[in-house]
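Residue numbers (the numbering used here): 102 to 239.
(1) Cα separation between residue 174 and residue 116?
(2) Once DSSP output is grouped into helix, strand and coil, what is the label at residue 115?
(3) Report the residue from 162, 132, 130, 151 whose alpha carbon sits nearest the alpha carbon of residue 217.
(4) Where does the unbroken beta strand (DSSP E) through residue 177 begin, and where does it stop?
(5) Let's test the definition: count the other Cβ atoms within 10 Å of the Cβ of residue 106 and tell me whether it reaches 16, buried, or not, exposed.
(6) Have a look at residue 204 and residue 121 and give me their C-alpha separation to the nearest angstrom.
(7) Counting only the same chain and skipping the five closest in sequence on each side, list residues whose C-beta sits under 7 Å from that of residue 149.
(8) Helix, strand or coil for residue 160 per DSSP?
(9) For residue 154 and residue 234, I'd like the C-alpha separation in whole angstroms.
(10) In chain order, which beta strand (DSSP E) runs of at least 3 residues are fully inside the segment 180 to 227?
(11) Report the rounded CA-to-CA distance for residue 227 versus residue 220, giving the unit in angstroms.
(12) Would you list the one or two residues that DSSP bridges to residue 106?
(13) When you compare each of 112, 139, 185 to residue 202 by their alpha carbons, which one comes out closest?
(14) Run through the DSSP bridge pairs and tell me what residue 141 is partnered with.
This is the structure:
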């Protein structure tokens, strides 16, 4: 059974009453787990990421797909135990939620500036419209 909780202005509401939900349960022991709902990365976030990688491609000659893989490996990889071995597994930007994607993009932007000397603009930046005109359809 799954139900959506919403907390707004300090008040929690549910689409069905808690008492009703409990009445639907058979006898037994249960665990209640509340997990914050997240939204998947947005289309604008994904578009911005690929425009940035196209910009990096044109500035360096390295294909945008390589830039994607480089940054996914740098910022999204994680270690897991497989049997008795600790191994690195690659991360994928396609699995990120919108908050995780924002954090990923912030890391890419900072790294591009510090490691490669390439400034990648955000939508709030002064010349972002010019950046869009240059990289949107490439």
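Backbone N, C-alpha and C fix where the C-beta goes; we use that ideal spot for every residue, glycine too.
For this structure:
(1) 41 Å
(2) strand
(3) 162
(4) Where residue 177 is concerned, there is no enclosing beta strand (DSSP E), although the alpha helix (DSSP H) it sits in stretches over 165 to 177.
(5) exposed
(6) 39 Å
(7) 206
(8) helix
(9) 15 Å
(10) 186 to 190
(11) 13 Å
(12) 115
(13) 139
(14) 198
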